[in-house]
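Notes for the one structure printed next.
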Amino acid sequence: MRTILISGASRGIGRAIAERMLADGHRLSLGLRDPKCLIGSSLDPAIAGSEQVFLHPYEAQDVNAAESWVSASLAHFNGFDSLIHCAGVFHRTPIRFNDNQQHEIDQLWQVNVMGPWMLSRAAWSQLECHAEARIIVLVSMSGKRSKGRLAGYTVSKFALMGLCQTMRNEGWEQGIRVTAICPGWVNTDMAARVKSLPKEAMTQPDDIASLSSHLLKLPNSCVPFELSMNCTHEI
């Protein structure tokens with residue numbers, strides 16, 4: 058059994074991963090903008106049990122949020138060994154953005170890059186205490202190639218991939234293993250406006266949750282750094 062911090066667990070991929078990890082018997086600390094959104098769900102501590110699920114407010118753009126969440130998780134569970142980054146934002150910000158889109162670039166950087174960086178920084182000393190700690194990061198195929206007029210999003214995801222590689226290198230000797238999951242379109246709210254691909258043809262959140270579940274079972278000698286997946290053919 059692992060004790061796992063999961064960001065962005067209120068919906069989409071993060072929600073699917075949290076539900077799968079709970080079903081697998083792991084203990085969960087979920088960081089959410091509004092913990093009340095899980096009331097009545099399977100992830101509600103009143104239903105799952107407070108010894109199994111802990112909810113804490115977490116806003117990736119708040120520079121103090123990571124330390125607060127990590128400290129509260131330590132107080133509740135007396136330790137943790139895994140961190141799954143699912144919080145993220147998406148904007149269609151082009152290379153020639155207008156002045157009104159500057160805030161989009163700022164938010165992309167704060168949430169998609171600095172959010173995971175600050176949270177990993179806050180959790181690092183605790184992860185170092187475990188011989189087989191895990192960090193899973195939901196990146197994107199946009200962190201591996203540029204496609205479409207998504208300059209702001211793509212730049213943030215390339216930076217996030219760089220963070221993943223750096224964490225892998227710096228945590229290796231301490232037994233911290235990092236995996237960057239890089240899907241194309243996933244059937245979530247983020248892809249709601251996509252008309253070129255049927256929702257059933259997209260990668261499904263539950264499938265990414267299954268992959269994440271398997272990653273946590275692998276020994277240190279067999280953890281992949283990167284998992285890339287396409288739901289459409291790319292050359």
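Heads up, the sequence shown is in my numbering, so the first residue is 58 and it goes up one at a time. Glycine residues also receive a C-beta, built at the ideal position from the N, C-alpha and C atoms.
To the nearest angstrom, how far is it from the Cα of Q109 to the Cα of E227?
30 angstroms
Assess contact between the segment 177 to 191 and the segment 233 to 251, defined as three or more Cβ pairs (one per stretch) separated by less than 8 angstroms. Is contact present?
Yes, the segment 177 to 191 is in contact with the segment 233 to 251.
Let me check one thing: in DSSP terms, what residues is A237 bridge-paired to?
V194 and E283
What does a CB cutoff of less than 8 angstroms around M58 pick up in its chain, not counting 5 residues either side in sequence?
G82, H83 and R84
Is it true that the CB of Q222 sits closer than 8 angstroms to the CB of V168?
no
Please report the straight-line C-alpha distance between M78 and N287, rounded to a whole angstrom.
24 angstroms
Can you tell me whether DSSP reads V110 as helix, strand or coil?
When DSSP states are grouped into helix, strand and coil, V110 belongs to the strand group.
Enclosing alpha helix (DSSP H) for L272 [first to last residue]
Judged by DSSP secondary structure, L272 falls within the alpha helix (DSSP H) whose first and last residues are P262 to L272.
What residues in its chain sit with their C-beta under 7 angstroms from that of S98, if we drop five residues either side in the sequence?
none
I need the DSSP call for S64, collapsed to helix, strand or coil.
strand
Complete beta strand (DSSP E) runs within the segment 120 to 160 (minimum length 3 residues, chain order):
139 to 142
Can K201 and M218 be called in contact, C-beta distance under 8 angstroms?
Yes.
Closest residue to P240 among M171, N277 and A258 (Cα-Cα distance):
A258
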